[in-house]
Amino acid sequence: MTLKLHWSPDSANLPVRIALEMFGLPFEAIRVNRAAGEHRSEAYREKNPQGLIPVLEDGDLVLFETGAILWHLAEKAGRLGPKGPNFSDHEARTAALKWMFYISNTVHADLRIAFYTDRYIGGDGIHALREGIARRISEHFDLVEAYVYNRVIGHPIILPDIYFSALVRWAQLYPAGGQPLLANIDRWPTIQAMGARVETHPGAVRAFLAEKIPPEQAITVPRPPEIPPSEVLGT
Ligand SMILES: N[C@@H](CCC(=O)N[C@@H](CS)C(=O)NCC(=O)O)C(=O)O
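Going by the working numbering, the sequence shown opens with residue 72, and the numbers climb by one from there.
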């Protein structure tokens, strides 16, 4: 049964596509027109009631939430990464799961507040909120740098590396047209090394190219996708 990924360039589908490519799982990519608000349509909400990208379909199984989708792919591939520990390795799996939750419900969730500030606050408050989030993101990066996923991270690439790498990219690029959350990641050499391992993996390069993302240093020194910004972000 072919997997179906609902996606838009450089959206939360990116780590999912990277994982699909790295695991060598065949999939069909279904473009969601974000600029036209297709992700909020009734048909799309039947797949993800939140109206958010991505969605992954695996036969009758319809999944949303990036972290859950990534977890499903690792389970399907039987590994925590392209050359990572077996999914049945209890110790490695529970350590990876802990970091997947942290990345999903703390780091990714904070990024979303900065990218959609107007949903939280109006007027001048937006600047203060973005500054606060930028501070928090730096603290999250400090934590990841210090704990390095308790050594499950990095060698070899595993699921949290893939998910976190996408956030490293977005924190340096977005909000588009505004002040990105982080100017660069020079302060975090371990994260930089992790991002470099992910961005040079042939599976990740295939994913970047499919999303019109310039593949050179797409995580560590990212550049925007080579398509009009309205097609990337929508609303
Ligand atoms: N927690 C969700 C967040 C996904 C998410 O933020 N998707 C963005 C694209 S990067 C989106 O659909 N944004 C449209 C919106 O918020 O209205 C997940 O991990 O799947």
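By construction, the Cβ of each residue, glycine as well, lies at the ideal position given by its N, Cα and C atoms.
Check your understanding: DSSP state of His179, grouped into three classes?
Key -> Note: His179 maps to helix in three-state DSSP.
**Study point:** Own chain, CB closer than 6 angstroms to Ser82, minus 5 neighbours either side, in chain order
**Key:** Within its own chain, the residues whose Cβ lies closer than 6 angstroms to the Cβ of Ser82, once the five positions on either side in sequence are excluded, are Ile124, listed in chain order.
Review point. Among Ala90, Ser112 and Asp181, which has the Cα closest to the Cα of Glu146?
Key: It is Ala90 whose Cα lies nearest to the Cα of Glu146.
Point to revise | Contacts around Ser301, its chain only, beta-carbon distance under 8 angstroms, and the 5 residues preceding and following it disregarded | key: Taken in chain order, the residues that qualify are Ala106.
Practice item. May I ask you to report which of helix, strand or coil DSSP gives Ile224? Key: Confidence is the limiting factor: at Ile224 the pLDDT is only 48, short of 50, which leaves the residue's position unreliable, though a coordinate-based value still follows. It is coil, neither helix nor strand.
Review point. Under a Cβ-count criterion, where at least 16 other Cβ atoms within 10 Å of its own Cβ denotes burial, should Asp181 be classed as buried or exposed?
Key: By the 10 Å Cβ count, Asp181 comes out buried.
Review point. Ligand 1 heavy atoms versus the CB of Pro293: any closer than 7 angstroms?
Key: In this structure, Pro293 has its CB at a distance of at least 7 angstroms from all heavy atoms of ligand 1.
Check your understanding: Can you round the beta-carbon distance between Glu92 and Gly274 to whole angstroms, since I take them to be within the 8 angstroms contact cut?
Key -> Rounded to the nearest angstrom, the Cβ distance from Glu92 to Gly274 is 4 angstroms, consistent with a contact under 8 angstroms.
Point to revise | Cβ distance (whole Å) where Ala167 is taken to contact Pro231 below 8 angstroms | key: Rounded, the Cβ-Cβ distance is 6 angstroms, consistent with contact.
Exercise for review: Between the Cα of Ile262 and those of Leu252, Ala217 and Val276, spot the shortest distance and give me the residue it belongs to.
Suggested key: The residue with the shortest Cα to Cα distance from Ile262 is Ala217.
Review point. From the DSSP output, which residues share a beta bridge with Trp78?
Key: The beta-bridge partner set that DSSP reports for Trp78 consists of Arg102.
Exercise for review: Assign Ser112 to buried or exposed, taking buried as 16 or more other Cβ atoms, counted over all protein chains shown, within 10 Å of its Cβ.
Suggested key: With fewer than 16 other CB atoms across the displayed protein chains lying within 10 angstroms of its CB, Ser112 is exposed.
Review point. Which full runs of the alpha helix (DSSP H) of 4+ residues lie inside the segment 136–217, going along the chain?
Key: For the segment 136–217, the full-length alpha helix (DSSP H) segments reaching 4 residues or more read 137–148, 161–173 and 180–186 along the chain.
Practice item. Can you give me the Cβ contacts of Arg240 inside the same chain, cut-off strictly under 7 angstroms, excluding the 5 residues immediately before and after it? Key: Correct list, in chain order: Ala289, Ile290 and Pro293.
Point to revise | Every unbroken alpha helix (DSSP H) inside the segment 244–278 [4 residues or more] | key: Within the segment 244–278, the runs of alpha helix (DSSP H) at least 4 residues long that lie entirely inside it are, in chain order, 260–270.
Check your understanding: Distance, Cα to Cα, Gly149 vs Gly194?
Key -> Cα to Cα, Gly149 sits roughly 49 angstroms from Gly194.
Check your understanding: Expressed to the nearest angstrom, what Euclidean distance is found between the alpha-carbon atoms of Val223 and Phe212?
Key -> Low confidence applies to Val223: its pLDDT is 49, below 50, so where it sits in the model is not reliable enough to give any reading.
Review point. Does ligand 1 have even one heavy atom less than 7 angstroms from the beta-carbon of Leu123?
Key: Within the cutoff, so yes.
**Study point:** Backbone CA spacing between Glu117 and Arg183 [nearest angstrom]
**Key:** When rounded, the distance between both Cα atoms is 22 angstroms.
Check your understanding: On the three-state DSSP scale, how would you describe Asp129?
Key -> Asp129 falls in the strand class under three-state DSSP.
Check your understanding: Leu151 and Ala139: beta carbons closer than 8 angstroms?
Key -> Their beta carbons are not under 8 angstroms apart, which means Leu151 does not touch Ala139 by this criterion.
Practice item. In angstroms with no decimal places, state the Cα-to-Cα distance between Tyr115 and Ile101. Key: So the alpha carbons of these two residues sit roughly 12 angstroms apart.
Exercise for review: Below 8 angstroms CB to CB, which residues in the same chain sit around Arg201 once its five sequence neighbours on both sides are set aside?
Suggested key: Within the same chain, Arg201 has close Cβ partners Ala185, Thr188, Pro246, Gly249, Gln250 and Leu252.
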